[in-house]
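Order-wise, the sequence lines are chains A and B.
Each residue of the first sequence is one higher than the one before, counting from 1 in my numbering.
Each residue of the second sequence is one higher than the one before, counting from 1001 in my numbering.
Notes follow once the structure below has been shown.
There are 2 protein chains.
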Amino acid sequence: MSETNTQVRLAARPVGRPKPEDWSIEQVAVPQPGANEFLAKVIYISLDPAMRGWMNDVKSYIEPVGINEVMRAGGIAEIIESNNPEFAVGDHVYCMTGVQQYFVSDGADAQKVDPNIAPLVKYLGVLGMTGMTAYFGLLDVAEAKEGETVVVSGAAGAVGSIVGQIAKIKGCRVVGIAGGEKKCQLLIDELDFDAAIDYKSEDLRKALRQHCPKGIDVFFDNVGGETLNTVLPQMRRHGRIAICGAISQYNNTEAVQGPSNYMSLLVSRSRMEGFVVFDYAQQFGAAMQEMAGWMAAGQLNSKEHIEKGIENFPDVLLKLFDGGNFGKLILQVDE
Amino acid sequence: MSETNTQVRLAARPVGRPKPEDWSIEQVAVPQPGANEFLAKVIYISLDPAMRGWMNDVKSYIEPVGINEVMRAGGIAEIIESNNPEFAVGDHVYCMTGVQQYFVSDGADAQKVDPNIAPLVKYLGVLGMTGMTAYFGLLDVAEAKEGETVVVSGAAGAVGSIVGQIAKIKGCRVVGIAGGEKKCQLLIDELDFDAAIDYKSEDLRKALRQHCPKGIDVFFDNVGGETLNTVLPQMRRHGRIAICGAISQYNNTEAVQGPSNYMSLLVSRSRMEGFVVFDYAQQFGAAMQEMAGWMAAGQLNSKEHIEKGIENFPDVLLKLFDGGNFGKLILQVDE
């Protein structure tokens, strides 16, 4: 065990794309657990587009991270000292660890995870908030049904790659939008998508017409901006758009681009709906069981993109915005 | 009866606001009814924001009006000759009359209306498509419920003024957005709105905060543009936005303004949904009965703004975009 605790803190509110000077990397003493607390070492940290929103000083579904505070992050940690009878040394937990090597907690937000059931990284991806976001967004918000055409943007990302696979399991036709030929090939070869559109080299409007000749019943949007705008006029009657994210807009220094084609919602009698996965917490258990069953049956192939070293957090985070990851982006902090 | 039939035809596709030269006023012979047809004289023509969309050469929920075709319009007409046993001379009908004095029809789209039950103009307003749009948009699409806060834009317009009253009947708190002090006063004095905001003189964002301190459960939008954008961040959790129209954008010569605050849908877990009233045709009968009951009970106070003279159609239509009407705008063509 290290004698110091390396932390990545938010030093300044980024304007646009986060820069190195927006972060400070601090060495502090490893904290001591108090009564009813445990000390844990962080093993894996989940990197998510939502993190960019937490860095802005605006009201949202969660408080922003304060200046000079440890950056918020979900992660997997191992208990190394415990004064809490509910957590034993050697237990693994999922909780909001923050971007740091060690933390103490009373365990109120910690959920135990079992490395014998699934590799630890899966609890950040397919069996974690990523998987839950895909599951409830697709099946509850967008109400995808057998025989329908589902389009997902950010299809090679953590959430998008699971959305597409769940849609296939449910008997939908699935078209993914991703950046680059390689990602598109992987969507078809490894994740069984029916079609993939490379928005960097193809005309998205034409490609959607080609791959969705009857129109689009469900659009699961992680990207926003021009992608959302191009999809809108191709929605089928009574279509559903689940708004999960808008990664194309998160580093904007100018105003967010609103979907100027939103009146297509009227023409197609469609709806566009936002959601936050935490609202489904009561149903996570059942959903995780179903997801684990699909994994065991070989129907759900989850992808992780793992980088190493806590000090690399500022650079690795940018991969999300640069399209540098295929599948769930995870930072490994310890073995 | 006149010997000629005056028609208002679309001469050119308007760019932005329709100009006099976009119309031609023609005198043609009064048509003769063929077998199984009737000849009818038009009494009232309904003027609606949707007409602006019909003039554009774009795919929508209905075909555009062709160049040199009689402008499409719904209206009330009286049968003056009939070779159709289902329609007698003296019967009144609602149908797509077009902007003209006379027309022949086989009656396929004509619905008889009874001036003894309600004045004829009511069949274009509260008991017509206007009323049906308000009824199904508010109660079916937006699912307004007792105790909720409902905001309606274009509140002094034909649809908006009915939306607000139905919401009051259903036990909602109702806030109207309209242009001008006089309209706002009428909303409160005559239509029993709880509050009215004059978007021309007030700061809409602040006024909404004041009048909707708990946020907005339902927004019924006739206006679009900056109004929609300002409302979005004030939606309550699980709010519903019914997209009925976007009159602020219909005469745009530049691109439609998309709602840049659409990601607020995520923060508030809200949805935005478009609809077309014709989809509810099967339920019109029951809804009209309920509306007639509210009128009879003095709970639903419908307003008509009636102008005269078919040759004035091009000018009168512009009142919709200039905010020149309070209530349903109707052109009287004949006594």
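Here a beta-carbon is modelled for each residue, glycine too, at the ideal position from N, C-alpha and C.
Asked, Found
"Beta-carbon proximity check, A:Ala73 vs A:Thr97, cutoff 8 angstroms", "yes"
"Residue-chain proximity (A:Pro85, chain B), Cβ-Cβ < 8 angstroms", "no"
"A:Tyr94: CB within 7 angstroms of a non-hydrogen atom of the ligand SAH", "Among the components of this structure there are no ligands whatsoever, and the ligand SAH is therefore not found."
"Residue interval of the beta strand (DSSP E) (run including A:Lys112)", "Gln111 to Val113"
"B:Ala1040 beta carbon less than 8 angstroms from that of B:Thr1004", "no"
"Contacting positions in the segment 261-283 of chain A - beta carbon closer than 8 angstroms to chain B", "Asn261, Tyr262, Met263, Ser264, Leu265, Leu266, Val267, Ser268, Arg269, Ser270, Arg271, Met272, Glu273, Gly274, Phe275, Val276 and Asp279"
"Candidates A:Asn252, A:Val126, A:Thr149 and A:Asn301, of which the one nearest A:His211 by Cα", "A:Thr149"
"Expected contact under 8 angstroms - CB spacing of A:Asn222 and A:Gly157 to nearest Å", "6 angstroms"
"Rounded separation between A:Asn252 and A:Gly90 - CA only", "43 angstroms"
"Residue closest to A:Phe275, alpha-carbon to alpha-carbon, out of A:Cys244, A:Tyr102 and A:Val267", "A:Cys244"
"CB-CB length for B:Ser1260 against B:Asn1229, believed under 8 angstroms", "6 angstroms"
"Closer than 8 angstroms to chain B by CB, A:Ser60", "yes"
"Where A:Gly293 falls: helix, strand or coil (DSSP)", "helix"
"Test item: CB-CB of A:Arg9 and A:Glu69 under 8 angstroms", "yes"
"Same chain, Cβ closer than 6 angstroms to B:His1238, five either side skipped, listed in chain order", "Arg1269"
"A:Lys183 burial status per 10 Å Cβ neighbour count (16 or more: buried)", "buried"
"B:Asn1056 - DSSP class collapsed to helix/strand/coil", "coil"
"From A:Val163, A:Gly131, A:Ser264 and A:Pro213, residue whose alpha carbon lies closest to that of A:Asp192", "A:Val163"
"Closest Cα partner of A:Gln289 within the set A:Gln100, A:Ser161, A:Met132 and A:Asp315", "A:Met132"
"Which listed residue (B:Gln1032, B:Gly1137 and B:Gly1128) has its alpha carbon closest to that of B:Asp1048", "B:Gly1128"
"Straight-line Cα distance separating B:Val1267 from A:Tyr61", "5 angstroms"
"Selection from A:Gln100, A:Pro115, A:Ile177 and A:Thr130 that minimises the alpha carbon distance to A:Tyr280", "A:Thr130"
"Per-residue burial, B:Val1141 [other beta carbons within 10 Å of its own, 16 or more giving buried]", "buried"
"Option in B:Ala1195, B:Leu1232 and B:Lys1308 with minimal Cα separation from B:Arg1205", "B:Leu1232"
"Contacting residues, own chain, Cβ-Cβ under 7 angstroms from B:Glu1143 (five flanking each side not counted)", "Arg1240"
"Nonlocal neighbours in the same chain, by C-beta distance under 7 angstroms from A:Pro20, ignoring five residues either side", "Pro314"
"Coarse secondary structure for B:Gln1100, derived from DSSP in three states", "strand"
"Where B:Gly1075 falls: helix, strand or coil (DSSP)", "strand"
"Whether A:Val277 touches A:Phe136 by CB criterion (8 angstroms)", "yes"
"In chain order, each alpha helix (DSSP H) run of at least 4 residues that lies wholly inside the segment 1217-1276 of chain B", "1225-1231 and 1264-1267"
"Helix, strand or coil at A:Asn5 [DSSP, three-state]", "strand"
"Coarse secondary structure for B:Ile1330, derived from DSSP in three states", "strand"
"Contact with chain B by A:Ala246, beta-carbon distance below 8 angstroms", "yes"
"Cβ-Cβ separation, A:Ile166 to A:Ala196 (assumed contact under 8 angstroms), whole Å", "Actually they are not in contact, since the Cβ atoms of A:Ala196 and A:Ile166 sit about 17 angstroms apart, beyond 8 angstroms."
"CA-to-CA distance, A:Asn312 to A:His92, given in whole angstroms", "23 angstroms"
"Contact check, B:Ile1310 vs B:Val1121, beta carbons under 8 angstroms", "no"
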